[in-house]
Structures are given as structure tokens and as C-alpha cells.
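Numbering (UniProt numbering), first residue to last: 1 to 145.
Everything below concerns the one structure shown next.
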């Protein structure tokens, strides 16, 4: 069973756990430049972390856009915890929280390798693929079924 925790900004243990996962996955595994991954905006974001047996296994960052819109960013799961549905559970919790806060629009920039994952969760691709940090992405928007 996974427990979801969330916290605003950088001054909390939840953020420290989120950052550790992001460094391991994006910088360590995917080779993304730390200057790109650590973009200096974390203090203005909501950080979600999923815990299994009190160990952080998955994370996502939420950017509050104007007009009741949010953008999910930096979705990552440690290698040892993949293929268990944890990231999907975390995304579903984010969607639930967003809806209860009257958020009208949820989007994210998905790595192309994760497109099918997001489509299963109700996201639909919009626009053309683009490159970010040397990786092909595509914007997807959540649409209730």
C-alpha cells in the first residue's frame, strides 16, 4: 500500500525525498544536466511523494498556472519500484486533489516513452512532439472519460 504525501516549497522532508528521487532518475539514469533538472523553481511548486513502507518511491511536482490550471512536472519513480503502479496512483491522487480544488485543466509534458502510460490515465496528446533536455516530449491534457 502506498501513502501519498505532499508539501509546498522546499523547506520540508517531502521535498528532500522528491529531490532525491529526481536526482537518481533524471540526472543519474537519464543523464539530464543538473542545471536543467534543478531549475530554481521548486520553492514555488507543490511536491508529491509516494511512500511504500515509509520509503520514498515516486514523485511529481505541480506548477500552479493561472486560470485554475495546473501542470504536472518531474514525474519519476525509482528503478526498484517501477511496474507496481505507484506513479499511476500518485497521478490519480493529484487529479483527485486538483478536482477538489476546482482545477479546470491539468496538463503535463510527457516523455514519448511514457505516452501510453499517461493515455491510460485519461490524458490525450495535444500539439506536436518537441525536445526538452535532449529527450522527446509531447504535451498531454487530462480529459475525464
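Virtual Cβ for every residue (Gly too), placed ideally from N, Cα, C.
Top-ranked residue by Cα proximity to residue 1, from 53, 26 and 23:
When the alpha-carbon of residue 1 is set against those of 53, 26 and 23, the nearest one is in 53.
Checking contacts by CB at 9 Å: is residue 98 closer than that to chain C?
Absent here is chain C; the protein component of the structure consists of one chain.
Contacting residues, own chain, Cβ-Cβ under 7 Å from residue 63 (five flanking each side not counted):
Counting only Cβ-Cβ distances below 7 Å, and skipping sequence neighbours, we find 45, 70, 71 and 73.
Grouping DSSP H, G and I as helix and E and B as strand, with all else coil, what is residue 65?
In the structure shown, the three-state DSSP call for residue 65 is strand.
My understanding is that residue 48 touches residue 94, with C-beta atoms under 8 Å, so please give their C-beta distance in whole angstroms.
Cβ atoms of residue 48 and residue 94 come within 8 Å of each other, at about 6 Å.
Run through the DSSP bridge pairs and tell me what residue 50 is partnered with.
Checking the DSSP bridge columns, you'll see residue 50 partnered with 4 and 58.
Cα-Cα separation between residue 131 and residue 31, rounded to whole angstroms:
Roughly 15 Å between the two C-alpha positions.
On the premise that residue 123 lies in contact with residue 141, defined as a C-beta separation below 8 Å, what is that separation, rounded to the nearest angstrom?
Taking C-beta atoms under 8 Å as the contact rule, residue 141 and residue 123 qualify, at a distance of about 6 Å.
Assess contact between the region 25-44 and the region 125-139, defined as three or more Cβ pairs (one per stretch) separated by less than 8 Å. Is contact present?
Between the region 25-44 and the region 125-139, the count of Cβ pairs shorter than 8 Å is three or higher; the stretches touch.
Please return the same chain residues whose Cβ sits closer than 8 Å to the Cβ of residue 21, not counting the five positions on each side in sequence.
49, 56, 57, 58, 59, 76, 77 and 78, listed in sequence order.
Taking the alpha carbon of residue 105 as the reference point, which residue from 5, 139 and 113 has its own alpha carbon closest?
Ranking 5, 139 and 113 by CA distance to the CA of residue 105 puts 139 first.
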